[in-house]
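Visitor: Residue numbering for the sequence shown follows our numbering, starting at 5 and increasing by one per position. Each residue gets a CB set at the ideal place from its N, CA and C atoms; glycine is no exception.
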Amino acid sequence: TDEAAAIDWPEGTEDADSKMVMPGDNVEMVCTLHKPLAVEQGQRFNIREGGRTVATGIITRIIE
């Protein structure tokens with residue numbers, strides 16, 4: 005399912021505006037979905053941009 009989301013650093017992240025993720029990095033991000041979507045903890049997902057997969061992730065926590 006293709007859904008739009010905003011991806012941000014967790015609140016309180018130091019220098020969040022200048023951070024960058026490189027291949028091989030493991031990071032914690034906060035994804036805010038623009039539309040309701042059924043997801044569950046432990047579910048895997050891909051982040052795509054321009055038809056290419058740029059990241060993969062696992063839902064570790066659901067914030068309501």
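Give me the Cβ distance between W13 and M26, rounded to the nearest whole Å; I'm assuming they're in contact under 8 Å.
Guide: The Cβ separation is near 15 Å, so there is no contact.
Visitor: CA-CA distance, D29 and I62?
Guide: The alpha-carbon atoms of D29 and I62 are separated by roughly 14 Å.
Visitor: What's the C-alpha gap between R65 and C35?
Guide: Computed Cα separation, rounded: 11 Å.
Visitor: Quick one, are the C-beta atoms of I51 and V58 less than 8 Å apart?
Guide: Contact: yes.
Visitor: In this structure, how does DSSP classify D21 when only helix, strand and coil are distinguished?
Guide: Helix, per DSSP.
Visitor: Where E53 and D6 are concerned, what is the direct C-alpha to C-alpha distance, given to the nearest angstrom?
Guide: Distance between the alpha carbons of E53 and D6 is about 11 Å.
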